[in-house]
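To start, the structure under review is shown below, and the notes come after it.
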Amino acid sequence: MAEMKVDSASKKVEQNSTISGLMNGVPFVADIIECTSSILSWTGRSGPPIDSLFRGTRVFRIEPSQGGTILAHEENFVGVMAWALSTWLPLGWVTWKQFRKFNIDLKKEAEKQ
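As structure tokens, this is what we get:
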């Protein structure tokens, strides 16, 4: 599973809060946009100079489905280098594969609960 270590595990994740930590060894800061029983979204930052090149907003949405549940995952990147994360380019393809692995691992972990 993708390694995610939050600096302050006791901090409550809620709308307008900020968390920071490491994701696969890369420092990040996440500004929580929405945190409800069915939606978690945040804008992630890695810090200067990367923030000035691109940053991403992530949305995880849990949707009821016939016979189960769907986890919808959206990634929206902005900034002058956001185009580099297009899935038809190598960096975008690698990034997409990492998101896919994260979602598969998240599904496995959720099904254990």
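So for the sequence shown, the numbering used here puts the first residue at 38; every next one is plus one.
Where a beta carbon is used, it is the ideal one built from N, C-alpha and C, also for glycine.
Please report the Cβ distance between Leu77 and Val117, rounded to the nearest whole angstrom; I am assuming they are in contact, meaning their Cβ atoms lie under 8 Å. For the purposes of this step, residue 77 is taken as the residue at position 40 of the sequence shown. For the purposes of this step, residue 117 is taken as the residue at position 80 of the sequence shown. About 27 Å; that fails the 8 Å criterion.
Secondary structure at Met38, three-state DSSP: helix, strand or coil? Against the sequence shown, residue 38 aligns to sequence position 1. Any answer about Met38 is weak, because its pLDDT of 49 lies below 50 and its placement is not dependable; what the coordinates show is given next. It is coil, neither helix nor strand.
Within 10 angstroms of its Cβ, does Ala147 collect 16 or more other Cβ (buried), or is it exposed? In the sequence shown, residue 147 corresponds to position 110, counting from 1. Counting Cβ neighbours within 10 Å, Ala147 comes out exposed, since fewer than 16 surround it.
Rounded to whole angstroms, what is the Cα-Cα separation between Trp133 and Ile56? Translated into the one-based positions of the sequence shown, residue 133 becomes position 96. Translated into the one-based positions of the sequence shown, residue 56 becomes position 19. Going from the Cα of Trp133 to the Cα of Ile56 covers about 23 Å.
Taking Val96 as the reference, which of Leu108, Val63, Pro86 has the closest Cα? For the purposes of this step, residue 96 is identified with residue 59 of the sequence shown, where counting begins at 1. Of Leu108, Val63, Pro86, the residue nearest in Cα terms is Leu108.
Per-residue DSSP class, three states only, for Phe65: The residue labelled residue 65 in the question sits at position 28 within the sequence shown. Phe65 falls in the strand class under three-state DSSP.
Pick from Ile99, Ser102, Gln52 that is closest to Thr80, judged by C-alpha positions: Along the sequence shown, one-based indexing puts residue 80 at 43. Selected option, being the one with the closest Cα: Gln52.
Let me know the secondary structure DSSP gives Pro127 once reduced to three states. For the purposes of this step, residue 127 is taken as residue 90 along the sequence shown, with counting starting at 1. In this structure, Pro127 counts as helix in the three-state DSSP scheme.
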